[in-house]
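Below is one structure; the comments refer to it alone.
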Amino acid sequence: MNPQQLFEKSKKYMWLPFTQMTDYERDPLIIESGDGVRLKDIYGNEYLDGNSSLWLNVHGHRKKEINDAIIKQLDTIAHSTLLGAANVPSILLAEKLIEIAPEPLSRVFYSDSGAESVEIAVKMAYQYWQNKGIKGKTKFVTLSNGYHGDTVGTMSIGSIEIYHKVYTSLLFDALVVPFPSVYHHESSDEQVVCQEGLQLLRDLFEEHHEEIAGMSVESMMQGAGGMNIMPKGYLKGVEALCREFDILLIVDEVATGFGRTGKMFAVEHEDVHPDIMTMAKGITGGYLPVAATLTTEKVYEAFYGEYEEMKTFFHGHSYTGNQLGCAAALANLEIFKNEKLVEQASQKAEYVKELLQEVKDLEHVGDIRQLGLMCGIELVKDCQTKEPFPWELRVGYQSTLKMRELGMITRPLGDVVVFMPPLAATFEELKDMVEILKQGIIWAT
Ligand code: PLP
Numbered sequence: 001m002n003p004q005q006l007f008e009k010s011k012k013y014m015w016l017p018f019t020q021m022t023d024y025e026r027d028p029l030i031i032e033s034g035d036g037v038r039l040k041d042i043y044g045n046e047y048l049d050g051n052s053s054l055w056l057n058v059h060g061h062r063k064k065e066i067n068d069a070i071i072k073q074l075d076t077i078a079h080s081t082l083l084g085a086a087n088v089p090s091i092l093l094a095e096k097l098i099e100i101a102p103e104p105l106s107r108v109f110y111s112d113s114g115a116e117s118v119e120i121a122v123k124m125a126y127q128y129w130q131n132k133g134i135k136g137k138t139k140f141v142t143l144s145n146g147y148h149g150d151t152v153g154t155m156s157i158g159s160i161e162i163y164h165k166v167y168t169s170l171l172f173d174a175l176v177v178p179f180p181s182v183y184h185h186e187s188s189d190e191q192v193v194c195q196e197g198l199q200l201l202r203d204l205f206e207e208h209h210e211e212i213a214g215m216s217v218e219s220m221m222q223g224a225g226g227m228n229i230m231p232k233g234y235l236k237g238v239e240a241l242c243r244e245f246d247i248l249l250i251v252d253e254v255a256t257g258f259g260r261t262g263k264m265f266a267v268e269h270e271d272v273h274p275d276i277m278t279m280a281k282g283i284t285g286g287y288l289p290v291a292a293t294l295t296t297e298k299v300y301e302a303f304y305g306e307y308e309e310m311k312t313f314f315h316g317h318s319y320t321g322n323q324l325g326c327a328a329a330l331a332n333l334e335i336f337k338n339e340k341l342v343e344q345a346s347q348k349a350e351y352v353k354e355l356l357q358e359v360k361d362l363e364h365v366g367d368i369r370q371l372g373l374m375c376g377i378e379l380v381k382d383c384q385t386k387e388p389f390p391w392e393l394r395v396g397y398q399s400t401l402k403m404r405e406l407g408m409i410t411r412p413l414g415d416v417v418v419f420m421p422p423l424a425a426t427f428e429e430l431k432d433m434v435e436i437l438k439q440g441i442i443w444a445t
């Protein structure tokens, strides 16, 4: 089938996620193949994968070891249900995940997407208190601008207006505290912002702790809310407050996990030990839809007993624990170990930091926020006043369209351009990517 026919069919039959279809029709992109950190479209154009195919690709595309692991598993079995029965790769993967996760996480509950892993975390935390007979603890605390997925439950604990507003009456109410964003605060003193943020949380906990089941946070860095980094000490402070007020700490590592921030998990930056931790995206190296919610024996035991006690956790989807996905995840973790990928990622992050200095000096770059290989570049009309561009200009979007023309794919978050290359990108490839990033921003601003 020729490219034009494929495009016509896509227009006729498809509806793409988080996409206004008129944008797609104006600037269509149909990917046909990938190799390393490059993607190729149906016309044969090549693009560097500047956002790791939406923050999940780790080793590049068509990594031999992962391909081989999937093929091998395919010759054994592709899928059997996890409801009431374990399977071999899911057991082996659970052990490996517990080995690399922070203590005291000791149990793995599988699912198929980041959103579902957080949905599970919310249900688990809620039912934990119900099973313990503490019936009043039913609410959740979350940070402004948080994003944990697009299902009804995860939208309820998320607070990005543009995505959530239309559904307001469909969602349950969460208690929202302001995210301590240094760039958007009137004080530029990180410690002032941190202490103020923690004080606001303490005030909320003091008033409401008897009603609060859990607090959910993205780990160290908010993704979809604009790539905002927590000030130093904030996550550790949140952990301490959760302990003090007996609130379960849910840390969302869906975007930040698997080396993306220069540590295997971002909680390691502050030695934080969550009660529940979610992961997805990079868990299979970006190959297949596997996610997991990890928790502690304390939480697990509140669900453990005879069926008649009615403490069972009633959650589970058809494809949960899929063998192909778990086999890919096992191969992924093996590559992490063999190639010392986390250390590599933190060296590459230093290099990217140097490269981004030139971008920082551009007239309309207000802020660059980087943790490891997760970077957000905020474009503003006026760097002095931080006045944004009029939103209808869609400066972030326009800049990424230009980047695509120049040979790199990424997606913006409003006027924050995301740069999140695969961990396996070489120094040379990183250099090329940042050059395109710069040219795209210059063109659009
Ligand atoms: N949590 C965080 C922090 C995310 O960044 C995302 C997606 O970007 C999700 C959850 C949802 O993951 P998924 O798109 O796999 O459902």
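Residue numbers (full-length UniProt numbering): 1 to 445.
Idealized CB from N, CA, C, for every residue including glycine.
Drop a sphere of 10 angstroms on the beta-carbon of residue i, count the other beta-carbons inside from all chains shown, and report buried for 16 or more, exposed for fewer.
| i | result |
| --- | --- |
| E308 | exposed |
| M310 | exposed |
| W55 | buried |
| S52 | buried |
| A85 | exposed |
| N338 | exposed |
| K438 | buried |
| A78 | exposed |
| Q323 | buried |
| T19 | exposed |
| W129 | buried |
| S117 | buried |
| G68 | One point to set straight first is that residue 68 is Asp, not Gly, in the sequence displayed. Looking at its Cβ environment, which holds fewer than 16 other Cβ atoms inside 10 Å, D68 is exposed. |
| V88 | exposed |
| Y234 | buried |
| V166 | exposed |
Bridge partners for residue i per DSSP, in chain order?
| i | result |
| --- | --- |
| G36 | H61 |
| R107 | T295 |
| Y47 | L39 |
| E218 | D252 |
| I276 | I250, T295 |
| D382 | E387 |
| Q370 | C375 |
| I212 | K139 |
| M408 | L48 |
| V176 | T142 |
| I229 | M221 |
Does the Cβ-Cβ distance between residue i and residue j come in under 8 Å?
| i | j | result |
| --- | --- | --- |
| R411 | T400 | yes |
| Q370 | K353 | yes |
| I283 | F258 | yes |
| R26 | Y300 | no |
| S144 | F179 | yes |
| P421 | H59 | no |
| I409 | L39 | yes |
| L379 | I441 | yes |
| V122 | L175 | no |
| T256 | F109 | no |
| L92 | L330 | yes |
| I276 | M155 | no |
| E268 | P231 | no |
| I100 | G285 | no |
| residue 449 | K137 | For residue 449 there is no data in the structure shown, the boundaries of the chain being 1 and 445. |
Distance cutoff 8 Å, beta carbons only. Does residue i sit that close to anything in chain D?
| i | result |
| --- | --- |
| K353 | The structure shown has no chain D; it contains just one protein chain. |
Please confirm whether any heavy atom of the ligand GDP lies closer than 7 Å to the CB of residue i.
| i | result |
| --- | --- |
| D173 | Looking at this structure, you won't find the ligand GDP anywhere; what it does contain is the ligand PLP. |
| task | Please list, following the chain, all residues that have a C-beta closer than 5 Å to any non-hydrogen atom of the ligand PLP. | result | S113, G114, A115, H148, G149, E218, G223, D252, V254, A255, A280
| query | Unbroken beta strand (DSSP E) runs of length 3 or more, entirely within the stretch 96-173: which are they? | reply | 105-111, 139-143
| Which full runs of the alpha helix (DSSP H) of 4+ residues lie inside the stretch 288-360, going along the chain? | 297-301, 323-338, 341-360
| request: Tell me the start and end of each unbroken alpha helix (DSSP H) in the stretch 409-444 that is at least 4 residues and wholly inside, in chain order. | output: 427-444
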